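Using the working numbering, the first residue of the sequence shown is number -4, and each one after it goes up by one.
C-beta: ideal position from N, C-alpha, C; glycine also.
Here the structure is a predicted model, which means the values were calculated and not measured.
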Amino acid sequence: MLDKVITTACLIFVAVIAWAATGPGGMGLPIAAQIVMTLSLCVLLLGHMWKHLGGPLMTAFFATGAALEWAFEQSNITLGGFIWGDIRYGDLGVFSVHLGDVPVVVPVLMAAMLWPTYAMVNLALDGRIVADPRSMVWWQIVWRCALYGMVHSWLMLVFNADCEKFGVYRWVGRSLKRPAADMFLGDPTAPRGWAIYVLVTTAVFTAVMLPLIGKAAVARAADPVLQWSDGAPVVLFGAMGVMVYLNPANKTVGNIALWTMGFLAAFVGYRFVALIRAQIPAAASVRGPETASTPDRDSVG
-4 MLDKVITTAC LIFVAVIAWA ATGPGGMGLP IAAQIVMTLS LCVLLLGHMW KHLGGPLMTA
56 FFATGAALEW AFEQSNITLG GFIWGDIRYG DLGVFSVHLG DVPVVVPVLM AAMLWPTYAM
116 VNLALDGRIV ADPRSMVWWQ IVWRCALYGM VHSWLMLVFN ADCEKFGVYR WVGRSLKRPA
176 ADMFLGDPTA PRGWAIYVLV TTAVFTAVML PLIGKAAVAR AADPVLQWSD GAPVVLFGAM
236 GVMVYLNPAN KTVGNIALWT MGFLAAFVGY RFVALIRAQI PAAASVRGPE TASTPDRDSV
296 G
């Protein structure tokens, strides 16, 4: 049932993204369409996380990501943009509730968007959704977490122009003192800061949370039987990459989206489909020798 829910959410999300990419309104979708897109994205992400992590580990993933992101955001604002640039969030209604100087929704959204990055990198490296820390030495964990961070920081490059355009945030203070050419894709320190945040967050999750409360999730991932719904993060990355390419804030950003997010979706998608296809003969063998030894009726007599 959960697989069907995730698959349906993927199809709805892709349909609305296609409208946003090719329609005359671009990102300016009607409110109803924006709500449908947001809800389908939430179902896609939460359903996929629930399937592979379970309730307690999913809560730990969210809590770790959101708490550390808030700490990074608050420190960044307090230190005048030292971590990922001097940024202030807009006056949108969704940003009305603050914890300190940080809108509460920002750490929550950042934690949610971290999941598809985590799943994509793991699929690319291992062919599984959840990484097993027992199979790695410490420097492999750090290396892997750095990969999570580098991939996740692509989102900053791809969506900065749209975020500025629609008033999600604006650059202030020390960031505005940079040359205009340096600010073309936003403050150039931002991707580095995002990568550091993700490295720290995923290191805590991998080295602490998984051994403590994630043994069941790791065991399930060790011998996975993948379903098509497990490729939801691939669909998400691919759809966003193509959308920004077809209807970009500027042509350079469009190309960056296609050759980063689009490339990763194509690469991981190829691996994912190959893994699914490899399961077919394995599934046939599980049915038992009696199935294989049953004579063909046409050959009898």
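His47 versus Val116: straight-line alpha-carbon distance, rounded: His47 and Val116 have their C-alpha atoms spaced approximately 15 Å apart.
Burial state of Tyr334, where buried means 16 or more other Cβ atoms lie within 10 Å: The structure shown has nothing for residue 334, since the chain only spans -4 to 296.
Alpha helix (DSSP H) segments (min. 4 residues) lying fully within the segment 116 to 194: DSSP runs (the alpha helix (DSSP H)) wholly in the segment 116 to 194: 133 to 147, 149 to 160, 168 to 171.
Proximity of Val300 and Val230 at Cβ, strictly below 7 Å: Nothing about residue 300 can be reported from this structure: the residues present for the chain run from -4 to 296 only.
Cβ separation of Gly80 and Thr184, assumed to be a contact under 8 Å, to the nearest whole Å: Contact flag correct, Cβ pair sits at about 5 Å.
C-alpha distance - Thr17 paired with Trp134, whole-angstrom precision: Straight-line measurement puts the Cα of Trp134 at about 44 Å from the Cα of Thr17.
Proximity to Ser35 [Cα-Cα], best of Met238, Val0, Thr59: For Ser35, the nearest C-alpha among the options comes from Val0.
Unbroken stretches of the alpha helix (DSSP H), 4 residues or longer, contained in the segment 228 to 263: Runs of the alpha helix (DSSP H) inside the segment 228 to 263: 246 to 252.
Counterpart residues of His93 in DSSP-defined beta bridges: Looking at the DSSP output, His93 shares a beta bridge with Pro98.
Beta bridge counterpart(s) of Ile82 as assigned by DSSP: BP columns for Ile82 point to Trp166.
Three or more C-beta pairs below 8 Å linking the segment 88 to 100 and the segment 205 to 219: Not touching, per the Cβ criterion.
Extent of the continuous alpha helix (DSSP H) to which Thr201 belongs: No residue range can be given for Thr201, since it is assigned to no alpha helix (DSSP H) and is classified by DSSP as neither H nor E.
Classification of Gly296 by the beta-carbon crowding that lies within 10 angstroms, buried from 16 upward: Any reading at Gly296 needs caution, since the residue's pLDDT is 43, under 50, leaving its predicted position unreliable; the model's value is listed next. By the 10 Å Cβ count, Gly296 comes out exposed.
Contact between the segment 197 to 204 and the segment 47 to 56 (3+ Cβ pairs under 8 Å): Verdict: yes, contact present.
Of the residues Ala175, Asn71, Ala216, the one placed nearest Gly188, counting alpha carbons only: Relative to Gly188, the option among Ala175, Asn71, Ala216 whose CA is nearest is Asn71.
Residue range of the alpha helix (DSSP H) that includes Phe8: Residues -3 to 17.
Assumed close pair Ala61, Val103 - CB separation to whole angstroms, cut-off 8 Å: The distance from the Cβ of Ala61 to that of Val103 is about 6 Å, consistent with a contact at the 8 Å cut-off.
Nearest-angstrom Cβ-Cβ length linking Ala252 and Gly236, presumed shorter than 8 Å: Distance from Ala252 to Gly236 at the Cβ level is roughly 5 Å; contact confirmed, criterion being Cβ atoms closer than 8 Å.
Coarse secondary structure for Gly21, derived from DSSP in three states: Because Gly21 carries a pLDDT of 48, less than 50, the predicted location of this residue cannot be relied on, and no value is offered for it.
Burial state of Gly144, where buried means 16 or more other Cβ atoms lie within 10 Å: Counting C-beta atoms within 10 angstroms of its own C-beta, Gly144 has 16 or more neighbours from the protein chains shown and is therefore classed as buried.
For Val220, three-class secondary structure by DSSP: Three-state result, Val220: coil.
Leu87 in three-state terms, based on DSSP: Here Leu87 sits in coil by DSSP.
Per-residue DSSP class, three states only, for Gly226: Reduced to three states, the DSSP call for Gly226 is helix.
Touching by the beta-carbon criterion (3+ pairs, under 8 Å), the segment 238 to 251 and the segment 120 to 139: The segment 238 to 251 and the segment 120 to 139 do not touch, with fewer than 3 CB-CB distances between them shorter than 8 Å.
Three-state secondary structure (DSSP) of Gly42: In the three-state reduction of the DSSP assignment, Gly42 falls in the helix class.
Endpoints, alpha helix (DSSP H) assigned at Leu303: The question about residue 303 has no answer, for the chain in this structure spans -4 to 296.
Reduced DSSP category for Gly75 - H, G, I as helix; E, B as strand; rest coil: Three-state result, Gly75: coil.
Rounded separation between Arg215 and Phe258 - CA only: For Arg215 and Phe258, the distance between alpha carbons rounds to 28 Å.
Separation of Leu39 from Met108, as counted between CA atoms: Taking C-alpha positions only, Met108 is separated from Leu39 by approximately 11 Å.
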